[in-house]
Amino acid sequence: MDWERKSLEWSDEDFGKFCYAWREAIVVTKLQIGEGKAMVDNLVTARDWDIWFKRATFLQPKERKPGICVILCTRDAPVDFEGSSSAPSSAPVYYLPFDKHILKTIVERFHVHPTIMRTITREVPYFSIQRHGFSEWQECKITSTVRTASVQNDDLALSSAYLPTPGLTLAVVYGCNESQKQQLVRRISSVDLAYNHPTLLAGVLAELERVRLSRMVESVLDGFELQAWRETELDLDMDKAKMASSLKLSFESRAIVNQMQMLKPQLAKMRAETARFADSMPAKLEMKEGETLAKNRDGDGIPGKRLQPTFSQEQLRWESETLANNSDDDGIPTKQLQPAFSQEQLRRAGELIVSRLDEISTEFDDKINECKTIIDNMSLTMQTVWNHFAREDNKMNLSLARASTGFSKDMKRDSSQMRSIALLTMVFIPISTIASIFSADLFSWDPAEGKTVLSGYIWIFVVISLGLTTVTVGAWYLSMYRVVRKEDANRRRDDGGGGSMGV
Numbered sequence: 019m020d021w022e023r024k025s026l027e028w029s030d031e032d033f034g035k036f037c038y039a040w041r042e043a044i045v046v047t048k049l050q051i052g053e054g055k056a057m058v059d060n061l062v063t064a065r066d067w068d069i070w071f072k073r074a075t076f077l078q079p080k081e082r083k084p085g086i087c088v089i090l091c092t093r094d095a096p097v098d099f100e101g102s103s104s105a106p107s108s109a110p111v112y113y114l115p116f117d118k119h120i121l122k123t124i125v126e127r128f129h130v131h132p133t134i135m136r137t138i139t140r141e142v143p144y145f146s147i148q149r150h151g152f153s154e155w156q157e158c159k160i161t162s163t164v165r166t167a168s169v170q171n172d173d174l175a176l177s178s179a180y181l182p183t184p185g186l187t188l189a190v191v192y193g194c195n196e197s198q199k200q201q202l203v204r205r206i207s208s209v210d211l212a213y214n215h216p217t218l219l220a221g222v223l224a225e226l227e228r229v230r231l232s233r234m235v236e237s238v239l240d241g242f243e244l245q246a247w248r249e250t251e252l253d254l255d256m257d258k259a260k261m262a263s264s265l266k267l268s269f270e271s272r273a274i275v276n277q278m279q280m281l282k283p284q285l286a287k288m289r290a291e292t293a294r295f296a297d298s299m300p301a302k303l304e305m306k307e308g309e310t311l312a313k314n315r316d317g318d319g320i321p322g323k324r325l326q327p328t329f330s331q332e333q334l335r336w337e338s339e340t341l342a343n344n345s346d347d348d349g350i351p352t353k354q355l356q357p358a359f360s361q362e363q364l365r366r367a368g369e370l371i372v373s374r375l376d377e378i379s380t381e382f383d384d385k386i387n388e389c390k391t392i393i394d395n396m397s398l399t400m401q402t403v404w405n406h407f408a409r410e411d412n413k414m415n416l417s418l419a420r421a422s423t424g425f426s427k428d429m430k431r432d433s434s435q436m437r438s439i440a441l442l443t444m445v446f447i448p449i450s451t452i453a454s455i456f457s458a459d460l461f462s463w464d465p466a467e468g469k470t471v472l473s474g475y476i477w478i479f480v481v482i483s484l485g486l487t488t489v490t491v492g493a494w495y496l497s498m499y500r501v502v503r504k505e506d507a508n509r510r511r512d513d514g515g516g517g518s519m520g521v
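According to our numbering, the residues represented by the sequence shown are 19 to 521, in order.
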């Protein structure tokens, strides 16, 4: 079977599936040191990336700090695919704003899972999560990939890795447009690191998808309400333009409903993984004093080192700072808390994420119902229009039936008159024939002496009469035979038997 890949190792084929071109990329970093402010770096050239990697010491295994670091890959310019007659479409999300060398460095330091390309090419909503290195919680990594729907070319993809020991989330977001870039920078900057969680950034993408689909629903609803406001009365005589507009609204509503229905199972999967994650974590991260480095292999078969530093349990807990009760742009109270890494902390963060995912799912249900209202109304309108057309057709058929009945009555009356004429003809033709024959010079009713009553030229009359009769009947027969043969040929051609006409 086509099992999901577990190893974090990339092959040359994996790197070859991406497209590379230098353009701006954004790196948002928020570490739980000092005031925990977010740093935003705009990187364009290879030199910019080299400088940033040297400065990002928190990516080194021995210097990791709790926090979030996200690379935002901006979307490339619209692409005009060869052979396509349509307008240029938005560039795919696998068009990266750097070269392969930078991607290899990102893959190594951000622990990007190679299944991200498979997730991207699905073009449908998708969420997956994997745990690596269960043998030691300190060496565990939780990787996830997320994909939003590819409708209207505003789709996004995410690959993230969560390192539980420092509480560090490393992620890459693919295909950000300008609006999405600003939203992600704002949301990451305002996030409370006390609620850092393996599915936190996946939940942020779910929020962006909620905003995007909600705007699409509102656009369709505005079009529907505007159309309903303009047409105070039902126009049963709908022209092609109005019918096309109504059908377009209905099709757009169905497409949005399909996208939301495909997204809901992924939200449910994300919810279940979020709720299950805290149960797999030890209640407290304890490290024994005096332990040394021990070489081992994690669950992926990748060589690794389990580091047991000579720190006590109390030293592993960050001191809680003063809570700063302010609000971010969303109106949600922000509390900058230096958390202790425990099952309770992840449980609280998971509960908040699960609660929000439930709210998003409920909102999708409401939006689906709104779209279905449009679909139902449009279906009712179109059904009414078609019923009106059928009613008009029935009226026309009724008029034709009445006219046909009148024609039938006239034909019946004409047929009766023709029977009368035929009867008169049958009565008078024999009399006329006899009268014509006996009035001819072929008969001499008072013959002179030595003469006969019947002329000797009677045979000429018989021969000419028989000849004319034969010619007339023959011409009639040939004309009727030709008509019948042509009708038979047409019937065989209509029935698909034209190939046997020459037989």
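All C-beta atoms, glycine included, are put in the ideal place defined by N, C-alpha and C.
Predicted model, so just to flag it, every value in this text is computed and none were measured.
Which word fits residue i, buried or exposed, when buried means at least 16 other C-beta atoms lie within 10 angstroms of its C-beta?
i	result
Asn314	Interpretation of Asn314 is limited by its pLDDT of 40, a score under 50 that renders its predicted location unreliable; no figure is taken from the coordinates.
Cys87	buried
Tyr180	buried
Val501	exposed
Lys55	exposed
Phe382	buried
Thr75	exposed
Pro115	buried
Pro84	buried
Asn344	Below a pLDDT of 50, predicted positions are generally treated as unreliable, and Asn344, at 39, falls in that range; the measurement from the model is reported next regardless. Asn344 should be labelled exposed.
His131	buried
Ala189	buried
Phe295	buried
Met436	exposed
Phe446	exposed
Glu291	buried
Val46	buried
Ile482	exposed
Asn508	exposed
Phe329	Since pLDDT at Phe329 reaches only 33, below the 50 mark, its modelled position is unreliable, and the value read off the structure follows with that caveat. Burial call: exposed.
Thr161	buried
Lys72	exposed
Asp210	buried
Ala64	exposed
Arg431	exposed
Leu484	exposed
Using DSSP's beta-bridge definition, name the partner residues of residue i.
i	result
Asn195	In the DSSP output, where bridge partners are listed per residue, Asn195 has none listed.
Phe461	Leu472
Tyr7	Since the first residue of the chain shown is 19 and the last is 521, residue 7 is not available in this structure.
Asn60	Ile44
Arg149	Ile160
Leu49	Gly85
Tyr144	Arg165
Mind reading off the beta-carbon distance from residue i to residue j? Whole number of angstroms is fine, and I expect it under 8 Å.
i	j	result
Val164	Phe145	5 Å
Val471	Ser462	6 Å
Gly368	Ala293	6 Å
Leu218	Ile371	7 Å
Asp459	Ser473	7 Å
Val235	Cys389	6 Å
Trp70	Ile120	Not really, about 10 Å apart at Cβ, beyond 8 Å.
Tyr38	Asp117	5 Å
Under a CB-based cut-off of 8 Å, is residue i close to chain D?
i	result
Gly368	The question asks about chain D, but that chain is absent: this structure has only one protein chain.
Kindly confirm or deny that the stretch 105 to 117 and the stretch 191 to 198 touch, where touching means at least three C-beta pairs closer than 8 Å. yes
Suppose only complete runs of 3+ residues qualify. What are the beta strand (DSSP E) ranges in the stretch 156 to 191, listed by chain order? 159 to 165, 175 to 181
Within 8 Å, do at least three Cβ pairs link the stretch 126 to 137 to the stretch 166 to 173? Contact between the stretch 166 to 173 and the stretch 126 to 137 is absent, because fewer than three Cβ pairs lie under 8 Å.
For the stretch 64 to 120, list the alpha helix (DSSP H) runs that are entirely contained and at least 4 residues long, ordered along the chain. 64 to 73
Three CB pairs or more closer than 8 Å across the stretch 364 to 384 and the stretch 213 to 232: yes
Would the stretch 263 to 282 count as touching the stretch 395 to 403 if we require 3 or more Cβ pairs under 8 Å? yes
For the stretch 38 to 46 against the stretch 60 to 71, do three or more pairs of beta-carbon atoms, one drawn from each stretch, fall closer than 8 Å, so that the two count as touching? yes
For the stretch 482 to 511, list the beta strand (DSSP E) runs that are entirely contained and at least 3 residues long, ordered along the chain. none
With three or more C-beta pairs closer than 8 Å as the rule, is the stretch 221 to 239 touching the stretch 271 to 286? The stretch 271 to 286 vs the stretch 221 to 239: in contact.
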